[in-house]
Amino acid sequence: MILGWSPYQARSATQPSDYLMGTSVEKVVGSRRAVLERDPIPELLLGDPERFQAAVRALRSKTVYRAATLTFGPDEIDVAAFNRGDPELRAMIASSIEIFDALFHAGIPDRSRLPFFVGTHTHTGRLEVNFAMPRAIINRTGQVRNFNPHPPMMGSRNDLDAAGDMVIRAFGFRDPRDPAMQVRLKSENWVEKRCAEAHRAREGFDESDPVPFLFSQLKILSHFYDSIDEVLGAGAFLLDDVGYRVARRSSKTLVLEPRAGTGKRPLELSGSLITGETPETLTRNVPLDTAPQRLSAAWRKRAQANAKGLHIDPCAEPAWDRILASPSVVLPECHPRYRNPRQMLERPKLRRKLAQLVSGLARALQGSLGLRHLIDLMTPSRPVLHDIIATLEAIHVPTPRSPLQPSPPGSDRTPDLAPDAGPGEEIRHGPRRDDPGVRHLERAHSPRTAADRRRPSRSGEDDSSPGADRSTPGPNDRRHGVDEPEHREAPVGDDGPARRLTWWRYVRRDLRAAFPDSNIRILPRPGIGPGALQVRLDGDIFLVDRQGILEGAKDAAFSTVYATLVDELRTQEDLGADPSPDLCGAGAHGIAGP
């Protein structure tokens, strides 16, 4: 286990939250930039990144946060078991977090601290515990004071080493300060990370990226030689290829610099190959057994300095043995990948977000169903639309009562059936309505049985003759067995609504017979003139009356049919008789009917 600190502390709108908790990150892999997907994704152990980021944005200093990472080797923490929720491993990490956090903020009470968070990275195959802390606290007077949990001093490093030794001693983690763990050749942190990322991706470096390229090659050679001079001798051709040379050397470091004018970065090397030390000659600075005493002394020293410099009321020193045995820090039971729905719903923030999501989905579904219903209402089917149009046409066209359909007694809806009409007494009382021949008898004795209602029958006999039997069903029979065509509801000579209705029906019947496959709509236009109609034939519109076509598209078939219809009706009017159904049909002008 080893603790490292990020060099970045400056203000940023999204960092370090985006980097530490992002599911993907853009990095330089080898000598190219690539977006790496973190699988498993980072896990939030403590705190709230959003609140932390809000606190960081509110600070006015140049350096606003510190980020540290506890790294555990693959043989120290089983990453898969930790993510699945191994209680023993999670308890060990909870104790480690609590000990380091107590030392970072020694003596600072919780009420004075700003929001922070702790998360993990496990996509590299090893466990990394990341701390993100604002560089400020609130003192007892409510002032925001700048605070650095790790000042750049040797004393702070020794304090943190004491905390690390405490954890290593308690849980048996690997000791980075053990002489047997000394690294033969190492470099700066950013170079080490570049090489580790390339190694995981199984990629190398080219000479255009000289620092990681040169370090990766020298590190390979370091496993075959026992001194840095031998390593540099074996890699002399590499130095010549990239244009580097040995610039300076000390007892602990060696610096390789490029030739002047190239603008390349120097490479700083360190490790046991440079110091010449071996595990046999090295000894640990302080023994692990003294870790509890050193940690307690370090905490008291830092707490006293914080109380004096930050003007706070210091809190009591924590019980280190209690933290190791039973930490007060509570971690999630497992990684989000392994959580069941019940465990996820136990988190209040997730419950709120889920409730908002369900509410939004309900509103969207309600709106979608309402819109679909509205669309259904606006787009009826063709048969329904035809029925609606026919109903509207019937509403706007008055329907008179035929003289052959008498009104109830006392009704004056038609002049000839009014109570004072005189000769219509039998019709008013209707004593023989159940007789099939009653309408024929009523018409025979009606004052309106003049020549203007007489027409020749298809058999060549006069309908008004006493021997005519009109009770025999005919092709136009629609009224209780009486051969009474519907177009005989009103005399043609009448210019009132009855005649307009009769004229409209004549035209509709004739045009539908002549154009059976066309969509025909006929509307009366009494405001233009007597008998004026608007005829819509498919996409063409015509304005017509009893004299002919007033205006509209030039259509030879329509013009021929309508001219024939007008001539036949005009001829019948001149003869003083109603137009015959046969003359109004298709047979009159030679066009086959349906």
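Each residue of the sequence shown is one higher than the one before, starting from 1 at the first, in UniProt numbering.
Every residue gets a Cβ at the ideal spot worked out from N, C-alpha and C, and that includes glycine.
Between residue 529 and the set 521, 544 and 539, the nearest pair of CA atoms involves 544. Taken through DSSP and simplified to helix, strand or coil, residue 92 comes out as helix.
Secondary-structure assignment with DSSP links residue 540 through a beta bridge to 537.
The C-beta distance from residue 97 to residue 36 rounds to 26 angstroms, too long to fall under 8 angstroms, and the pair is not in contact. In the DSSP assignment, residue 223 falls outside any beta strand (DSSP E), carrying neither H nor E. Assignment of residue 154 by DSSP, reduced to helix, strand and coil, places it in the helix class. With 16 or more other Cβ atoms from the protein chains shown falling within 10 Å of its own Cβ, residue 506 counts as buried.
Annotated as proximal: residue 49 and residue 119, with beta-carbon spacing under 9 angstroms.
For residue 34, the enclosing beta strand (DSSP E) begins and ends at 32–37. Looking at the DSSP output, residue 524 bridges to 533. Here residue 535 is buried. Its C-beta has 16 or more other C-beta atoms within 10 Å.
Scanning 511, 567, 127 and 533 for the CA closest to the CA of residue 558 turns up 511. DSSP places residue 239 in the helix class (H, G or I) of the three-state scheme. Taking each of 41, 23, 210 and 27 in turn and checking the Cα distance to residue 336, the smallest one comes out for 41. DSSP places residue 552 in the strand class (E or B) of the three-state scheme.
Between residue 159 and residue 260, the C-beta gap is not smaller than 9 angstroms, which leaves the two residues out of contact.
In the DSSP assignment, no residue is bridged to residue 324. If you look at residue 192, you'll find it in the alpha helix (DSSP H) that goes 189–200. With respect to the 9 angstroms criterion, residue 547 and residue 561 are not classified as neighbours on the basis of their beta carbons. Around the CB of residue 222, 16 or more other CB atoms lie within 10 Å, so the residue is classed as buried.
Three or more Cβ pairs closer than 8 angstroms define a contact, and the segment 4–22 meets that threshold against the segment 56–74. One alpha carbon belongs to residue 247, the other to residue 196, and they sit about 26 angstroms apart.
Distance from the CA atom of residue 300 to the CA atom of residue 200, rounded to whole angstroms, is 42 angstroms. In the DSSP annotation of this structure, the continuous segment of the alpha helix (DSSP H) that includes residue 274 starts and ends at 272–275.
DSSP, read as helix, strand or coil, puts residue 331 in coil. Nearest C-alpha to residue 142 among 134, 111, 527 and 355: 111. Shown here, residue 114 sits in coil according to DSSP, grouped into three states, outside any helix or strand. In this structure, residue 310 places its C-beta atom within 9 angstroms of the C-beta atom of residue 147. Looking at the DSSP output, residue 72 sits in a beta bridge with 127.
In the DSSP assignment, residue 4 forms a beta bridge with 69. Residue 251 carries a coil assignment under DSSP once its states are collapsed to helix, strand and coil. A straight-line Cα-Cα distance of about 21 angstroms links residue 372 and residue 388. With fewer than 16 other Cβ atoms inside 10 Å of its own Cβ, residue 519 counts as exposed.
The Cβ atoms of residue 52 and residue 7 do not sit closer than 9 angstroms to each other.
Residue 317 sits exposed, since fewer than 16 C-beta atoms from the chains shown fall within 10 Å of its C-beta. Setting aside the 5 residues that flank it on each side, residue 251 has no residue in the same chain whose C-beta is closer than 6 angstroms to its C-beta.
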